[in-house]
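Residue numbers (our numbering), protein chains in the order written: chain B, 12 to 124; chain R, 311 to 424.
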């Protein structure tokens with residue numbers, strides 16, 4: 012079975028632009044979480060979605076938003092990009108809300124110039 | 311508030327030597343504990359987890375970790391490392407009532423030398 016997939020792999024944007032990152036969870040998984048990993052740091056929690064509803068939000072500005080679709084795939088949107096948004100964005104899926112193991116995708120490397 | 315501290319940002323070790331990667335956490339509520347490994351240009355892979363029961367947890371690739379509640383620690387160990395263990399290791403906690411929100415440490419880079 013395919014693991015968590017994310018697209019695109021790499022992305023270069025300029026300040027002020029908007030970006031959309033995509034994630035497809037493992038088949039059968041209904042929960043998707045997003046993390047930001049800045050170089051040299053551990054991942055920071057951004058959002059969690061389950062059954063198309065937001066279940067958790069980390070300490071990120073309103074420029075960050077996400078949604079989950081009926082097929083459980085998810086998008087992360089970031090508006091008005093700043094240099095500090097440059098990071099690896101990781102998506103993780105789990106079978107259901109409250110299950111213990113999250114499976115991570117390879118991430119999308121976003122560079123903001 | 312919850313926090314995870316990985317005391318060593320880098321750990322150099324020779325092949326076939328033992329290694330311990332340290333992790334301490336702070337939380338006002340009960341937590342679950344995890345270790346993930348990240349190889350270059352890849353996502354995170356689960357090594358092992360502690361949910362309840364025996365405090366000694368065995369994971370993949372010969373790694374094990376011991377949960378010490380009194381010291382709020384969850385150190386990762388391997389008795390004999392291989393070159394292929396060179397990677398970055400992350401300790402993480404999730405809260406008993408909010409499983410899907412993970413708090414990660416800053417990571418420890420394990421560099422195994424021949």
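Just so you know, even glycine gets a beta-carbon here, dropped at the ideal spot from N, CA and C.
No experiment lies behind these values; they were computed from the predicted model shown.
Check, Outcome
"Reference residue 86 of chain B, options B:50, B:58 and B:124, closest by Cα", "B:58"
"Backbone secondary structure at residue 104 of chain B - three-state DSSP", "strand"
"When R:416, R:379, R:415 and R:420 are compared against residue 397 of chain R, the one with the closest alpha-carbon", "R:420"
"For residue 385 of chain R, the first and last residue of its enclosing beta strand (DSSP E)", "383-388"
"Top-ranked residue by Cα proximity to residue 395 of chain R, from R:373, R:412 and R:385", "R:373"
"Cβ distance (whole Å) where residue 43 of chain B is taken to contact residue 98 of chain B below 8 angstroms", "Contact doesn't hold; Cβ gap of about 18 angstroms is too wide."
"Contact residues within the region 347-374 of chain R, judged by C-beta distance below 9 angstroms to chain B", "348, 351, 352, 353, 354, 355, 356, 359 and 361"
"Residue 120 of chain B versus B:13, B:14 and B:32, residue with shortest Cα-Cα distance", "B:32"
"Closer than 8 angstroms at the beta carbon, the chain B residues around residue 411 of chain R", "44, 56, 59, 67 and 69"
"Identity of the residue in R:325, R:339, R:320 and R:354 nearest residue 414 of chain R by Cα", "R:354"
"Reduced DSSP category for residue 92 of chain B - H, G, I as helix; E, B as strand; rest coil", "coil"
"Where residue 349 of chain R falls, given that 16 or more other Cβ within 10 Å makes a residue buried", "exposed"
"7 angstroms Cβ shell around residue 71 of chain B - same chain, five flanking residues per side excluded", "57"
"Inter-residue spacing [alpha-carbon to alpha-carbon] between residue 39 of chain B and residue 113 of chain B", "13 angstroms"
"Buried or exposed by the 16-neighbour rule on C-beta atoms within 10 Å, applied to residue 339 of chain R", "exposed"
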